[in-house]
Amino acid sequence: MTQPNRIAWDGLQIDRRRALSFRFNGKTYQGYEGDTLASALLANGVHLVGRSFKYHRPRGILSAGVEEPNALVELGREGAHQPNLRATEIPLFDGLEARSQNCWPSLKWDLGAAVQLASPMLTAGFYYKTFMQPSWAWRHYEKVIRKAAGLGKAPTVRDEARYDKRHQYCDLLVVGAGPAGLMAATSAARRSARVILVDERRELGGMLLEESVHIAGQTAKQWVQQTLAELEALETVTVLPRTTVFGRYRHGKFGLVQHTEQGQVLHSVHARRAVMATGAIERPMVFSDNDRPGVMLAGAIRRYIRCYGVVPGRRAAIFTNNDSAYETARCLREAGAEVAAIVDLRERAPSVAGLDDVEILTQAEVVGVQGSQHVKAVEIEVGSKRRRIACDLLCVSGGWTPTIHLLAHGGKDTLAYDAAWGAFIPTCSEPVPGIHATGACNGAQSLVNILAQGIAAGEAAAEALGCEAATPVALPEVQHRGGELSPSAAPVCEVRGGRGKKFVDLQDDVTVRDLELALREGYRSIEHVKRYTTLGMGTDQGRTSNINGMRIVAERLGKRIDEVGTTTFRPPFTPVSLGALAGRESDRRLDVLRRSPIHDWHVRNGAVFMPSGLWLRPQYYRRPGHGETLTEAARKEAANVRDKVGIADVSTLGKIEVQGRDAAEFLNRLYINRCGNVGLHKARYGVMLREDGFVFDDGTVVKLADNRYLISTTTVNAGAVLSHMEFHQQMVWPELSVHIEPVTEQWAVVALAGPASREVLARLMPEEDVSNQALPFLGYREVCFQGVTTRLFRISFSGELAYEIAVPADHGLTLWEALLEAGEPFGIMPYGLEAMDYLRIEKGHLIIGTDIDGRVTPHDIGLGGMIRGDDDFIGRRSLQRPALTEEGRPRLVGFVSADGETPIPASAQLVAERWTGTPQDSLGRITSPGFSPVLDCPIALGLAEVEAEGGSLYAVSPLTGEQAEVTVTRPVFHDPKGERLRG
Amino acid sequence: MLRIPCPYCGERNYTEFTYGGDANQARPANPATVSDTEWEAFLYRRGNPAGEHIEYWQHSFGCRQWLKVVRDTVTHDIVSMGGHGMEGGEKA
Chain A
1 MTQPNRIAWD
11 GLQIDRRRAL
21 SFRFNGKTYQ
31 GYEGDTLASA
41 LLANGVHLVG
51 RSFKYHRPRG
61 ILSAGVEEPN
71 ALVELGREGA
81 HQPNLRATEI
91 PLFDGLEARS
101 QNCWPSLKWD
111 LGAAVQLASP
121 MLTAGFYYKT
131 FMQPSWAWRH
141 YEKVIRKAAG
151 LGKAPTVRDE
161 ARYDKRHQYC
171 DLLVVGAGPA
181 GLMAATSAAR
191 RSARVILVDE
201 RRELGGMLLE
211 ESVHIAGQTA
221 KQWVQQTLAE
231 LEALETVTVL
241 PRTTVFGRYR
251 HGKFGLVQHT
261 EQGQVLHSVH
271 ARRAVMATGA
281 IERPMVFSDN
291 DRPGVMLAGA
301 IRRYIRCYGV
311 VPGRRAAIFT
321 NNDSAYETAR
331 CLREAGAEVA
341 AIVDLRERAP
351 SVAGLDDVEI
361 LTQAEVVGVQ
371 GSQHVKAVEI
381 EVGSKRRRIA
391 CDLLCVSGGW
401 TPTIHLLAHG
411 GKDTLAYDAA
421 WGAFIPTCSE
431 PVPGIHATGA
441 CNGAQSLVNI
451 LAQGIAAGEA
461 AAEALGCEAA
471 TPVALPEVQH
481 RGGELSPSAA
491 PVCEVRGGRG
501 KKFVDLQDDV
511 TVRDLELALR
521 EGYRSIEHVK
531 RYTTLGMGTD
541 QGRTSNINGM
551 RIVAERLGKR
561 IDEVGTTTFR
571 PPFTPVSLGA
581 LAGRESDRRL
591 DVLRRSPIHD
601 WHVRNGAVFM
611 PSGLWLRPQY
621 YRRPGHGETL
631 TEAARKEAAN
641 VRDKVGIADV
651 STLGKIEVQG
661 RDAAEFLNRL
671 YINRCGNVGL
681 HKARYGVMLR
691 EDGFVFDDGT
701 VVKLADNRYL
711 ISTTTVNAGA
721 VLSHMEFHQQ
731 MVWPELSVHI
741 EPVTEQWAVV
751 ALAGPASREV
761 LARLMPEEDV
771 SNQALPFLGY
781 REVCFQGVTT
791 RLFRISFSGE
801 LAYEIAVPAD
811 HGLTLWEALL
821 EAGEPFGIMP
831 YGLEAMDYLR
841 IEKGHLIIGT
851 DIDGRVTPHD
861 IGLGGMIRGD
871 DDFIGRRSLQ
881 RPALTEEGRP
891 RLVGFVSADG
901 ETPIPASAQL
911 VAERWTGTPQ
921 DSLGRITSPG
931 FSPVLDCPIA
941 LGLAEVEAEG
951 GSLYAVSPLT
961 GEQAEVTVTR
971 PVFHDPKGER
981 LRG
Chain B
1 MLRIPCPYCG
11 ERNYTEFTYG
21 GDANQARPAN
31 PATVSDTEWE
41 AFLYRRGNPA
51 GEHIEYWQHS
61 FGCRQWLKVV
71 RDTVTHDIVS
81 MGGHGMEGGE
91 KA
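Protein sequence lines, in the order shown, are assigned to chains A and B.
Residues in the first sequence are numbered from 1 upward in steps of one, following the UniProt record's numbering.
Residues in the second sequence are numbered from 1 upward in steps of one, following the UniProt record's numbering.
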């Protein structure tokens, strides 16, 4: 297949031996390795690539890089595609598939274009003004408007691309690998600085790749390759092509996205210093129908010809307000294209060698473009005379805008308006401490100056970094074929005549008329004009439109452009995909997942898991072939504990060892009940408060040996309790000699509970005396089980005779299976969190996070009696605060379902009368609804302002509408005297 | 952004640390003798300066030491830092 616009030049960056096949809008084309999608489309004569956002006007490719406002495409199979990618940045690969956006049923026949018939209405603020009344109708309007609005379509299937993150540190980050960046990186690298050199393009060299220039006696391409070879040979230098620095943050931190063939890598770079060598971006001109496919930036034409061997037209016209576009005329002619005319706004044209026979019209303007889907001719006006010039390409240049975005992330005070550029440039060569600006983005115009500034910036950075001295980089000799042309532009970007739409922002379809309307309606601040018209608010962030828009606004207001000022620059410089920001942290990798040492057994035996903090814990066991529901299984598991014996995996409970001379004193200051005074080999239930007097955590304190204690915490509070203890030890009582060590992961712990638990234990450890005398309630003993140190606690959460057995984590599964075997004759069954909940509610045991929610004092939950002594502990003083001692605070009570059947809803509010929807005062709330296997009826714990037992209330869930009549009881439903657990 | 020079581990990323709030309030030595108003001030009254602020950070994913850090709330510069006994701190 032929590529009609391709020429056979040497030194291009494409590889003609490697032809690639790709599909665009369903049609197959050929390109070459090294092409971008845009260059390959242009090589095939495809100019029309998309439809515009608002008016659905046909649009072509404007630029050759990151600034592209028009050529946004969907890449990849439909549904699995990525939307809104710039065709100018997509490297071509074999089998690539892409489609146009914003058109239906096809790009050429787009029904949405009918909207143009209504375009006189579709001015700035149209939606705000039109759809305000009546307000109820907005939800109907919205559906239609949302469908019509937006760029591209979101993909519908899972993103299969790979994403990762890296943190990097360097002495110097050089942004941009054009002439200035290459020189800065070389200068600093020679002085042994650790350098990261970044460029958003695949091919490095920046502007050099589009200029006809010799450096140090070599072609620009050879010189770039040689310079890069020197850099890449150094271990201290990292070169990252196809990497965009999207944001500059405080303290030398930069956000980078690197595109690779496998996916994207987000680099978080901490740089001690940085060099900005970001170059400049060409501006278009604003004239009638300036958005037609075939209207392209003059500099982009040079890049397409000199990098890709693509000549986007046979007969071109050029429209400019500066000298640099004349180079495009030379370039086009070298490539065999005809230059019909150069239309120059200025009074005088420069004398440029090699263009003697080209018609140059000065003080001339393009007032119209003919051809709706591709340029056929341009209408020009010279003086008062109009002329039509037939052409298939219009190259425009409205001057160049230094790319100062990264410098301005963090403040615009680093910028000043420069008349020669007609744009903002940095105020000095180090506008932000530690950040050097160099080359075109710093206002340097000729290549020699750009190279010299690059060397100077590299040297200055190395000097400031304290790098050792080295032979400085010599300024290379530069030879321009035909002389260098300046980008200095006349201060005009706009043609007043002409009847068509004059687009300022091509991506958001903002015209001169929209800006004028905004000003007529009273908008003055450029920030307001921007928001009202959406100027510069597209995915291109107005890279080609902002300066032109500001100039037009300034002119209409009779102000200078620097009085109007710029809008705020914010990261990201270019859109960053959510996938890149998420990296690997999605789905199961979103957070740490912790599993108990016995986890695999639970999996094999039908456990249904639920999260508890970062842990996964069995909620219940679904026995094979039984098809039990959660409730059925949990009732059975709980009843088995009450009647026989059960085991539960409680390895996740937090465990902290506290040792040292002052360990007892330290614990006494943390717990309300002097846990440090617990006897040797004894356990004590303890409660900790926060300093504001509310209950923080509970657990047991066991004295393992003199000056050595083991404390347990609730699963979810393990980290917080550790941090709380460390804080008080290090910052409040540093005089106490205490060592704190978290040991949660070191131990696997199994709770063995039920009337038969002692027999099971005796069978498990026949050599140990586990009688009630030898191991009484709240007793502790260290034993040996299968050759490993084992900790045996007589602790009960279920209210039954119960033990907790702890072994080193690796032996957890052995212990678990041995217990099941020993308990088999007694009908042992594992039980999960749901059954554990039933049992502890029945017993009136509370849980941190549900019953104890950070708003209750020990007195509220009936634990006021635990407070011992009169010395200080954390939270004691706060308990005397008036609000915490007043009468009528909600206190812990129990509830049973009045009819013995209706479940008590979760998160229910308590009210006095049956709920009919009429508001009533809340008298409290249900904190733990459950089911009592002993009473065979729904029960609950709650906090309520009620006095009398036996009273009747209604528990109402305002969210689900469920309610149950409940009877107030004591908050213990089973064995209130604790005979079973002591037995 | 924030790089915190831990006196024990060296300069580390702030993501290794946990913020612990205002460090201007020392816990009264004998809370029982303190008035309700003074106790309330210790518990709840906090300044919100635009500028230097003494605050607690714990090096949670490092040495687990609690540190007193003087941070400029406007620039996020770490001005100085130290452990419990810090008086004015060591310059970062």
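Backbone N, C-alpha and C fix where the C-beta goes; we use that ideal spot for every residue, glycine too.
Predicted model, so just to flag it, every value in this text is computed and none were measured.
Taking a cut-off of 8 Å for Cβ pairs, the region 752–769 of chain A and the region 665–677 of chain A do not touch, as fewer than three such pairs fall below it.
Nearest to Gln479 of chain A by C-alpha distance, out of A:Glu211, A:Ser39, A:Leu833, is A:Glu211. With a contact defined as Cβ atoms closer than 8 Å, Val367 of chain A and Gly497 of chain A qualify at about 5 Å. Closest option to Phe17 of chain B, judged by alpha-carbon separation, among B:Leu2, B:Ala29, B:Glu40, B:Ile54: B:Leu2.
Setting aside the 5 residues that flank it on each side, Asn24 of chain B is surrounded in the same chain by Ile54, each with a C-beta closer than 6 Å to its C-beta; the list follows chain order. Between Leu231 of chain A and Leu465 of chain A, the C-beta gap is not smaller than 8 Å, which leaves the two residues out of contact. Collapsing the DSSP output to three states places Phe569 of chain A in coil. For the pair Ile841 of chain A and Ala906 of chain A, the Cα-to-Cα distance works out to about 14 Å. Take the alpha-carbon of Gly862 of chain A and the one of Gln786 of chain A: they are about 42 Å apart. Fewer than three Cβ pairs drawn from the region 63–70 of chain A and the region 511–524 of chain A lie within less than 8 Å of each other, which leaves the two stretches out of contact.
Residue-level contact by beta carbon fails for Ser737 of chain A and chain B, as no gap is shorter than 8 Å.
In this structure, DSSP gives Ala188 of chain A a helical state, which the three-state scheme calls helix. DSSP places Ile867 of chain A in the coil class of the three-state scheme, outside both helix and strand. Boundaries of the alpha helix (DSSP H) around Arg840 of chain A: 833–843. Look at the beta carbons and you see the region 692–704 of chain A touching the region 843–855 of chain A: at least three pairs across the two are nearer than 8 Å.
In this structure, the CA atom of Trp601 of chain A is about 7 Å from the CA atom of Leu813 of chain A.
Distances from the alpha-carbon of Ala277 of chain A to those of A:Pro958, A:Lys682, A:Ile305, A:Ala185 put A:Ala185 closest.
Between Leu820 of chain A and Val807 of chain A, the CB-CB gap reaches or exceeds 8 Å. The way I'd put it, the region 267–274 of chain A doesn't touch the region 372–383 of chain A; fewer than three beta-carbon pairs between them come closer than 8 Å. Listed along chain B, the residues sitting closer than 9 Å to Phe727 of chain A by beta-carbon distance are Gly20, Tyr56, Gln58, Trp66. Measuring C-alpha to C-alpha distances from Ala908 of chain A to each of A:Gly864, A:Leu935, A:Asp936, A:Glu965 identifies A:Glu965 as the nearest. Here Arg3 of chain B is bridged, per DSSP, to B:Asn13. Residue environment for Asn772 of chain A: exposed (fewer than 16 other C-beta atoms within 10 angstroms of its C-beta). Around the C-beta of His267 of chain A, 16 or more other C-beta atoms lie within 10 Å, and the residue is accordingly described as buried.
Within the DSSP bridge table, the entry for Lys703 of chain A names A:Leu680, A:Tyr709 as partners. Within chain A, the residues Asp872, Arg877 have their CB atoms less than 7 Å from the CB of Ala32 of chain B, given in chain order. Between the region 47–60 of chain A and the region 497–508 of chain A, the count of C-beta pairs closer than 8 Å reaches three or more; the two stretches touch. For the pair Met731 of chain A and Trp57 of chain B, the CB atoms are not nearer than the 8 Å cut-off. Per the coordinates, the alpha-carbon of Ser798 of chain A lies some 30 Å from the alpha-carbon of Glu691 of chain A.
Contact with chain B is absent for Asp851 of chain A, since none of that chain's Cβ atoms lies less than 8 Å from the residue's Cβ.
In terms of Cα proximity to Gly832 of chain A, the closest of A:Arg191, A:Pro618, A:Thr438, A:Gly844 is A:Pro618. For Arg27 of chain B, the C-beta contacts it makes with chain A under 7 Å involve Val732, in order along the chain. Non-local beta-carbon contacts of Ala452 of chain A in its own chain, meaning distances under 7 Å to residues more than five positions away in sequence, involve Leu475 in chain order. With a contact defined as Cβ atoms closer than 8 Å, Thr539 of chain A and Leu151 of chain A qualify at about 7 Å. At a cut-off of 8 Å, the C-beta of His251 of chain A has a neighbouring C-beta in chain B. When the five nearest sequence neighbours on each side are left out, the beta carbons in the same chain lying within less than 6 Å of the beta carbon of Ala124 of chain A are those of Asp514, Leu517, Ala518, Tyr532, Thr533, in order along the chain.
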